[in-house]
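**Q** Using our numbering, the letters of the sequence shown map in sequence onto residues 187 to 345. C-beta atoms are modelled at their ideal positions from N, C-alpha and C, and glycine is treated no differently. These numbers come from a predicted model, not from an experiment.
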Amino acid sequence: HLVGAAERPALERIAADLATIPAIEPAVAARLVDRHGTEALGVVALGAELDLLRPLHDGSHQLEAEVAWAARHEHALSLDDVLARRTRIAMGLRDRGASIAPRVAAILGAELGWGETRQALEVESYLRSAHREFDVPPPETEAPSESPAAVAGSAGGTG
187 HLVGAAERPA LERIAADLAT IPAIEPAVAA RLVDRHGTEA LGVVALGAEL DLLRPLHDGS
247 HQLEAEVAWA ARHEHALSLD DVLARRTRIA MGLRDRGASI APRVAAILGA ELGWGETRQA
307 LEVESYLRSA HREFDVPPPE TEAPSESPAA VAGSAGGTG
């Protein structure tokens with residue numbers, strides 16, 4: 187039995203029920219059911235509990251709750267996993283998700299117990315990956331005098 191699977195009429199009823207929730211537009215409800223099947227009810231319940239029923243970005247039919255759901259129920263453990271695979275945002279947004287990476291990292295971090303440092307590292311890692319794979323502008327780097335390579339180079343300097 188596939189998790190979330192059901193007959194089409196049952197899924198259509200779930201989508202119709204979800205669309206009665208003020209925060210859930212009919213197109214969002216339909217996409218949630220297409221993506222999560224009967225589990226869409228759980229995604230929305232989790233979103234209501236965590237106040238994550240907002241779209242991931244302007245014009246999106248994907249909810250912030252889907253990030254938390256991916257961590258709790260799909261074993262998503264990295265920002266790259268969520269943006270490139272679970273939500274496919276990396277394929278759908280012109281900037282490949284770079285603009286929303288910090289918010290997604292914050293949601294994922296809340297679920298996985300990440301502090302601000304880990305969240306920042308996840309964003310930087312994702313942006314580097316997106317730069318390599320999709321030619322997204324690379325993340326801003328520290329000033330050369332503060333970078334680890336510059337510090338290591340100055341420790342064994344010739345001057």
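Let me know if ASP266 comes out buried or exposed under the rule of 16 or more other beta-carbons within 10 Å of its beta-carbon.
**A** To locate residue 266, count along the sequence shown from 1; it is residue 80. ASP266 should be labelled buried.
**Q** Do you know how far the Cα of VAL214 is from the Cα of THR303?
**A** Residue mapping note: residue 303 aligns to position 117 of the sequence shown, counting from 1. Residue mapping note: residue 214 aligns to position 28 of the sequence shown, counting from 1. Each residue's Cα considered, the two are about 33 Å apart.
**Q** Using beta-carbon positions only, say whether LEU204 and VAL229 come within less than 7 Å of one another.
**A** Residue 204 sits at position 18 when you count from the first residue of the sequence shown. Residue 229 sits at position 43 when you count from the first residue of the sequence shown. Not in contact: LEU204 and VAL229 (Cβ atoms no closer than 7 Å).
**Q** Can you grab the Cα-Cα spacing for the pair PRO334 / LEU279, in whole Å?
**A** As a working mapping, residue 334 is identified with position 148 in the sequence shown. As a working mapping, residue 279 is identified with position 93 in the sequence shown. Bear in mind that a pLDDT of 42 at PRO334, under 50, signals an unreliable position, so the number given afterwards is only what the model happens to contain. CA-to-CA, the gap between PRO334 and LEU279 works out to about 32 Å.
**Q** Where does PRO323 fall in DSSP's three states?
**A** As a working note, residue 323 is residue 137 in the sequence shown. Correct three-state label for PRO323: coil.
**Q** Roughly how many whole angstroms lie between the Cα atoms of ALA270 and GLY223?
**A** Mapped onto the sequence shown, residue 270 falls at position 84. Mapped onto the sequence shown, residue 223 falls at position 37. Those two C-alpha atoms are separated by around 21 Å.
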